[in-house]
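K.L.:
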Amino acid sequence: MTSECSLRVRTYECDSYNHVNNANYLNYLEYARYEFLKDAGFDYPKAFQAGYGTYIARIEIDYKKPAFADDELVIKSRPIKKGAVSGIILQEIWRGEDLLIEAKVTWVFVDSKGAPVKIPPEWDVPGFRPE
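Numbering (the working numbering), first residue to last: 223 to 353.
1) Exposed or buried, what is residue 302 when buried is set at 16 or more other beta-carbons lying within 10 Å of its beta-carbon?
2) What does the alpha-carbon distance come out to for the pair residue 350 and residue 309?
3) What's the C-alpha gap between residue 286 and residue 317?
4) Just verifying my parser: in three-state terms, what is the DSSP assignment at residue 374?
5) Using the three-state DSSP reduction, which class does residue 317 fall into: helix, strand or coil?
Put into structure tokens, the structure is as follows:
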């Protein structure tokens, strides 16, 4: 399953070089992961109320090309690895035909104390599994 969402770059996200500051890409990726969870059928607020959550354990980002103010970006997210407790989501940020960012995000399912825990069946949605 691949989830897609879009956003427009705001001027205040750009740095003195007039392109998006690299730290702002983390916000873009976070926004897209939340949309991915919804598209996958994972109800994060209900999981949190039930005492579960997901933590990000690692993010690897390859910056390929810059984005600029007013660029319309599309963020694609899809699972590429899934285990009993964790997984990896591949995220790409596109501007038209140009791939700007490629990120591999490792997530871990946790209990209310923040400890890694096997994903219970009711929260192990098919959208978490690679195609």
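Note that the Cβ used here is the ideal one computed from N, Cα and C, for glycine as well.
P.N.:
This is what the structure holds:
1) With fewer than 16 other Cβ atoms within 10 Å, it is exposed.
2) 8 Å
3) 12 Å
4) The chain is shown only over 223 to 353; residue 374 falls outside these bounds and no answer can be derived.
5) strand
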